[in-house]
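Visitor: Residue numbers (the UniProt record's numbering): 1 to 241.
Ideal Cβ placement from N, Cα and C applies to all residues, glycine included.
From a predicted model like this one, the values you see are computed outputs, not experimental measurements.
#1: CA-CA distance, residue 140 and residue 34?
#2: Could you have a look at residue 18 and say whether DSSP puts it in helix, strand or coil?
#3: Which residues in the same chain have their Cβ closer than 8 angstroms to the Cβ of residue 129, if we skip the five residues on either side of it in sequence?
#4: Restricting to Cα atoms, I'd like to know which of 205, 114, 124, 66 is closest to residue 103.
#5: Sort out for me which residues DSSP pairs residue 175 with in a bridge.
#6: Mind reading off the beta-carbon distance from residue 225 to residue 148? Whole number of angstroms is fine, and I expect it under 8 angstroms.
#7: What does residue 34 pair with, by DSSP beta-bridge criteria?
#8: Three Cβ pairs or more, each shorter than 8 angstroms: is that satisfied between the region 14-22 and the region 37-52?
#9: Is the distance from the Cβ of residue 118 to the Cβ of residue 222 below 8 angstroms?
#10: Looking at the unbroken alpha helix (DSSP H) that takes in residue 96, where does it start and where does it end?
#11: Can you tell me which of the three DSSP states residue 257 falls into?
#12: Do the region 69-80 and the region 19-29 meet, that is, are 3 or more Cβ pairs less than 8 angstroms apart?
#13: If you draw a straight line from the C-alpha of residue 202 to the C-alpha of residue 144, how long is it?
#14: Return the CA-CA distance between residue 152 and residue 63, expressed in angstroms with no decimal places.
#15: What residue does the alpha helix (DSSP H) around residue 41 start on, and which one ends it?
#16: Closest by CA to residue 114, which one among 218, 80, 235?
#17: What does the alpha-carbon distance come out to for the pair residue 150 and residue 188?
And the structure:
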């Protein structure tokens with residue numbers, strides 16, 4: 001049985017992590033600890049050096065550095081949960097999701113904890129090692145989109161990951177979706193989601209509110225125009241097989 005390490009920054013987050021832990025225990029061994037990345041950095045480093053887990057789930061609010069610091073200290077997959085304290089959790093969301101290239105954190109809404117175990121099992125149990133990049137046909141010829149697709153292809157070549165590009169999610173494989181839609185959409189467990197913006201929109205503070213709205217629908221999200229981090233994240237699961 002795979003083992004999950006669950007870390008949260010404060011006991012005040014119990015209303016989130018208690019349910020999360022119970023759901024994870026249905027499919028995984030779970031170890032839990034309260035560690036603040038800001039107040040107890042030495043303890044955090046010490047705990048992660050034990051390397052006795054298959055994946056890590058970290059939650060924090062405000063300047064939510066815990067998930068990102070964990071991702072910088074372990075090679076295992078890290079999921080981050082933004083805890084709402086101010087601005088509807090926007091500050092925590094951006095702190096976790098907007099990680100630099102090569103240090104991915106799969107960001108998940110706190111309300112999505114009921115299907116956390118199923119989502120991780122889906123990622124771990126996929127038999128196909130082909131990763132599909134999903135690009136809507138209505139944007140695939142725009143410069144900002146082709147730039148992102150080309151960066152994704154270069155990263156796949158660097159990682160040695162087989163990829164394909166399609167216009168829709170493929171059920172039997174892992175998918176990375178370049179997301180830009182305004183209308184309602186359905187989240188699926190075999191896909192990771194990337195907010196895709198042209199340059200002017202990516203520099204607008206208002207776009208952050210749009211990302212927060214998309215994120216509230218559930219799913220695993222990565223930084224704006226950063227499909228490379230999503231691929232690096234998936235490689236951690238593919239590499240286990």
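Guide: Working from what's here:
#1: On the chain shown, residue 140 is found 140 positions in, with the first residue counted as 1. On the chain shown, residue 34 is found 34 positions in, with the first residue counted as 1. Roughly 44 angstroms separates the two Cα atoms.
#2: Your numbering for residue 18 matches position 18 in the chain shown. Note: residue 18 maps to helix in three-state DSSP.
#3: Within the chain shown, residue 129 is the residue found at index 129, counting from 1. Only 161, 162, 238, 241 meet the Cβ criterion.
#4: As a working mapping, residue 103 is identified with position 103 in the chain shown. When each option's Cα is compared against that of residue 103, the closest is 66.
#5: Taking the first residue of the chain shown as 1, we reach residue 175 at position 175. Per DSSP, 132, 191.
#6: Against the chain shown, residue 225 aligns to sequence position 225. Against the chain shown, residue 148 aligns to sequence position 148. The Cβ separation is near 6 angstroms, so the contact holds.
#7: Here residue 34 refers to the residue found at position 34 of the chain shown. Answer by DSSP bridge pairing, in chain order: 8.
#8: no
#9: Locating residue 118 in the chain shown gives position 118, counting from the first residue. Locating residue 222 in the chain shown gives position 222, counting from the first residue. No, these two residues do not count as a Cβ contact at 8 angstroms.
#10: Residue 96 sits at position 96 when you count from the first residue of the chain shown. Per DSSP, residue 96 belongs to the alpha helix (DSSP H) from 90-97.
#11: The chain is shown only over 1 to 241; residue 257 falls outside these bounds and no answer can be derived.
#12: no
#13: Your numbering for residue 202 matches position 202 in the chain shown. Your numbering for residue 144 matches position 144 in the chain shown. Between residue 202 and residue 144, the C-alpha separation is close to 11 angstroms.
#14: On the chain shown, residue 152 is found 152 positions in, with the first residue counted as 1. On the chain shown, residue 63 is found 63 positions in, with the first residue counted as 1. So the two alpha carbons sit approximately 29 angstroms from each other.
#15: Locating residue 41 in the chain shown gives position 41, where the first residue counts as 1. Its alpha helix (DSSP H) spans residues 41-49.
#16: Here residue 114 corresponds to residue number 114 of the chain shown, with the count starting at 1. Checked all of 218, 80, 235; the closest Cα to residue 114 is 218.
#17: In the chain shown, counting from the first residue as 1, residue 150 sits at position 150. In the chain shown, counting from the first residue as 1, residue 188 sits at position 188. C-alpha separation (whole angstroms): 25 angstroms.
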